[in-house]
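See structure below.
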Amino acid sequence: MSRREEYEKRAEELLAPIVEQNEFELVDVEYVKEAGNWYLRGYIDKPGGITVNDCETVSRAFSDKLDENDFIEDSYIMEISSPGLDRPLKKEKDFQRNMGKLVEVRTYRPIEKQKEFCGILTAFDSNSVTIDEDGTERTFEKKDMALIRQAIEF
Numbered sequence: 008m009s010r011r012e013e014y015e016k017r018a019e020e021l022l023a024p025i026v027e028q029n030e031f032e033l034v035d036v037e038y039v040k041e042a043g044n045w046y047l048r049g050y051i052d053k054p055g056g057i058t059v060n061d062c063e064t065v066s067r068a069f070s071d072k073l074d075e076n077d078f079i080e081d082s083y084i085m086e087i088s089s090p091g092l093d094r095p096l097k098k099e100k101d102f103q104r105n106m107g108k109l110v111e112v113r114t115y116r117p118i119e120k121q122k123e124f125c126g127i128l129t130a131f132d133s134n135s136v137t138i139d140e141d142g143t144e145r146t147f148e149k150k151d152m153a154l155i156r157q158a159i160e161f
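Dropping the structure here:
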């Protein structure tokens with residue numbers, strides 16, 4: 008396990024009880040370097056969406072836990088936010104939540120001369136995703152997908 012993965016795992020263990028206590032869902036935790044700064048981000052959600060006050064409540068409690076446990080060697084910026092409508096589907100619960108919904112799939116390499124597909128998510132397992140694209144069933148190997156997320160219709 009890399010140091011980054013270890014930090015994400017430990018942060019998730021501290022954050023999960025705080026999120027559950029507030030009756031929110033912990034969507035993801037990431038530890039990433041952007042523009043020379045390290046960021047520890049927690050993404051939370053709830054039916055109807057997350058407010059700024061929800062983020063602040065979780066952020067204060069999480070900050071206290073991080074100070075108590077102090078396991079990250081680097082200096083970093085901690086953020087708690089809503090995952091946003093265009094978040095990628097990563098975990099099994101993300102796929103379950105989007106079953107029967109319109110999703111967008113982007114592939115690394117062209118398939119039949121295209122790299123973007125849109126259809127109803129009909130099936131998934133640990134290795135693949137199946138969508139119904141206007142009556143045509145398409146199955147993608149997860150390793151071939153650059154992105155899958157809920158499609159936003161305007």
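Read left to right, the sequence shown gives residues 8 to 161 (our numbering).
For glycine and all other residues, C-beta sits at the position ideal for the given N, C-alpha and C.
Asked	Found
Here's the rule: buried if 16 or more other CB atoms are within 10 angstroms of the residue's CB, otherwise exposed. What is residue 78?	exposed
Just to check my reading of the structure: residue 113 and residue 86 have Cβ atoms closer than 8 Å, yes? What is that Cβ distance to the nearest angstrom?	Contact doesn't hold; Cβ gap of about 26 Å is too wide.
Does DSSP put residue 40 in a helix, a strand or coil?	strand
Going by DSSP, which residues form a beta bridge with residue 113?	123 and 154
Along the beta strand (DSSP E) that carries residue 84, what are the first and last residues, could you check?	83-88
From residue 30 to residue 22, what distance separates their C-alpha atoms?	13 Å
Out of 34, 82, 150 and 146, state which residue places its alpha-carbon closest to the alpha-carbon of residue 124.	146
Considering just the uninterrupted stretch of the beta strand (DSSP E) at residue 31, what are its terminal residues?	Element bounds for residue 31: n/a, residue is neither H nor E.
Are at least three pairs of beta-carbons, each pair with one atom in the segment 56-73 and one in the segment 114-122, less than 8 Å apart?	no
Is any heavy atom in the ligand COA found nearer than 7 Å to the beta carbon of residue 96?	Annotation note on the ligand COA: not contained in the displayed structure, which lists no ligands.
Which of the three DSSP states, helix, strand or coil, is assigned to residue 95?	strand
Just how far apart, CA to CA, sit residue 106 and residue 132?	12 Å
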